[in-house]
Amino acid sequence: MGGTMDGTKQQRRGNTRQRIQDIALELFAEQGYEKTSLREIAEHLDVTKAALYYHFKTKEEIIVSVFEDLTQPIEDLIEWGRSQPHNLETKQEIVRRYSAALAAAEPLFRFMQENQATVRELRIGDTFKDRMRGLRDILIDPEADLVDQVRSVSAMFTLHAGMFVMHDLERDPEKVREAVLEVAMDLVTQAHEHARGKR
């Protein structure tokens, strides 16, 4: 079972903790979080349960650590955004980086969508909502018209929609991501220019 990964991935995943996270997410996605045991995760990794236990004591610990690792870039982005001038370049850069962070964390978001009860139980959703609010506050101009505030927030949700709603269309995922990013950029730009025109 351990032989499914090719050499390049093997090197990239030389980090055991990361390999555990990746395999666990794959199994959770394939057969459901509830039905997956720590023993199965260990078997797929070709490690003993004790070796797995060294890194994580429970499935909850695995998924929470995946969530923390994969959403850390969003946290960093909020920190960065708060220290930047509130201009269009900042907002566009936020949208660009947020798009990249979502792409990197896609397996996690798919997990969150398909395992909402678990997400609620582990309070992952709450943390995620806090991060959404953090981003929203950077993207929105408090003095802008409500319509433009909605445009700014819609830029974030456009990126989410691109990830969830467009992924099963028979298209090149990279092209979908570019198109979605373009629409999100249009929204922040429009909102920003309207707000400027008002002043």
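Just so we're aligned, residue 1127 is where the sequence shown starts under the numbering used here, counting upward by one. Beta carbons: idealized from backbone N, C-alpha and C, even for Gly.
Subject >> residue 1147 versus residue 1171: straight-line alpha-carbon distance, rounded >> reply: 10 Å
Subject >> residue 1194 versus 1303, 1295, 1248 and 1289, residue with shortest Cα-Cα distance >> reply: 1248
Original post:
In chain order, what residues of the same chain have a beta carbon less than 6 Å from the beta carbon of residue 1274, not counting five sequence neighbours either side?
Top reply: 1317, 1320 and 1321
Original post:
Measuring CB to CB, does residue 1142 end up less than 8 Å from residue 1154?
Top reply: no
Original post:
Per DSSP, what kind of secondary structure is residue 1232 in: helix, strand or coil?
Top reply: helix
**OP:** Report all residues from its chain with a CB closer than 8 Å to the CB of residue 1150; omit the five preceding and five following residues, and keep chain order.
**Re:** 1162, 1167, 1185, 1188, 1189 and 1192
Subject >> 6 Å Cβ shell around residue 1265 - same chain, five flanking residues per side excluded >> reply: 1217 and 1278
**OP:** Quick one: using the 10 Å Cβ neighbour count with 16 as the cut-off for buried, is residue 1290 buried or exposed?
**Re:** exposed
**OP:** Could you check the C-alpha separation between residue 1269 and residue 1323 for me, to the nearest Å?
**Re:** 12 Å
Subject >> Exposure label - residue 1272; buried when at least 16 CB within 10 Å >> reply: exposed
Subject >> Cutoff 6 Å; reference residue 1231; Cβ partners in own chain excluding five residues on either side >> reply: 1196
Subject >> Delimiting residues of the alpha helix (DSSP H) encompassing residue 1280 >> reply: 1272-1290
Subject >> Classification of residue 1177 by the beta-carbon crowding that lies within 10 angstroms, buried from 16 upward >> reply: Burial call: exposed.
Original post:
Among 1260, 1314 and 1298, which one has its Cα closest to the Cα of residue 1284?
Top reply: Nearest C-alpha to residue 1284: 1314.
Original post:
Along the chain, where does the alpha helix (DSSP H) that runs through residue 1153 open and close?
Top reply: 1142-1157
**OP:** Using the Cα positions of residue 1223 and residue 1280, report the straight-line distance between them to the nearest angstrom.
**Re:** 16 Å
**OP:** Assign residue 1180 to one of two classes, buried (16 or more other C-beta atoms within 10 Å of its C-beta) or exposed (fewer than that).
**Re:** exposed
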